[in-house]
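Everything in the sequence shown is counted per this note's numbering, starting at 1 for the first residue and increasing by one.
So the structure is just underneath, and the comments pick up after that.
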Amino acid sequence: MPRLLLSLALVAGALAATSPTATATTATACSLAPTGGTVTRSFFPTSARSYNLRVPAGLTGNAPLLLSLHGLGSAPFFQEQATGWSQTADAEKFIVAYPAGDLNWNLAVGSPDVRFLRDVIDRIAAEHCVDRSRVYVEGGSLGSWMSQRAACDAAGTFAAAAGFMGGSPNTFGGCGPTRPIAVALFHGESDPLISIAEGRRTRDEWVARNKCSPVPVTEPVADGTASTYRGCAAGVAVSWRSYKGLGHAYPTGAAGSDFRERAWRFLSAHRLP
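Dropping the structure here:
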């Protein structure tokens, strides 16, 4: 009898250890706690890569996540200052991260930097409450090319993408996303480095890639153009905004507010299917 009782106890213990209840009690809950400003997170010692992170106060559940990518020769701190995304994140209650591209980004098909962006997402989601269906990427200049490379190569990770003052991903080996993906593009009409013509060509490629109607819905604006291409495959869209008199830089003042409001409204309207 003692031997039988011992056997039953061992079986019961094994069942308890594999039950959903036992698993649930040992799982680590994600955190809603704010970072108290923007902080730096590192992958050291496994990697020298890092990212800056801002988790706003007041989150009540799984939050959207935006990755904002700097341009050539820049860094996360400068990307945060140039875009103003941190203040928008505080107001709209989403998490924003600024990955470090070692002053550059690898823009080729199959880029290891796409894997790095996925690693950043995984690291943030392991600690904080992230809605994995609402992860977005945005970038400026070379960062715009990188955000589009992420859209091309990781459409199963990112719900939508945005780019400012960038060119075509076809420049670096083509683009074949696994699904139609919503893309918003912004450009200065006086950009001396990446011409407005290149910006329009990039826009038209995304319109064709997503099988959108070639006739956009236009919006009258005093300082440039604003249009949205709809009727796309899978219900996605392509958005375009140009700014009169703007060179190769993010806009400031009212135009900067316009960019952030439009970009976030567009991005946040999309989820992974």
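All residues carry an ideal CB built from backbone N, CA and C; glycine is no exception.
Just so it is clear, the structure is predicted and the values come from calculations on it, not from any experiment.
By DSSP's assignment, I95 forms a beta bridge with L65.
By the 16-neighbour rule on beta-carbons within 10 angstroms, E219 is exposed. Counting along the chain, E261 sits inside the alpha helix (DSSP H) bounded by residues 253–268. Taking the C-beta atoms as reference points, T40 is found no nearer than 8 Å to S31. Out of N52, T60, A89, P56, the CA that lies nearest to the CA of H70 is found in N52.
Closest in alpha carbon position to P56, among A108, P251, F94, is F94. The stretch 183–247 contains, as complete alpha helix (DSSP H) runs of 4+ residues, the segments 196–209 (chain order). Ranked by Cα distance from P34, the options V96, D119, R271 are led by V96. In this structure the stretch 230–246 lies against the stretch 205–216, because at least three pairs of beta carbons, one per stretch, are closer than 8 Å.
Straight-line spacing of the CA atoms in S68 and P99 works out to 7 Å. Boundaries of the beta strand (DSSP E) harbouring V39: 38–42, taken from the DSSP string.
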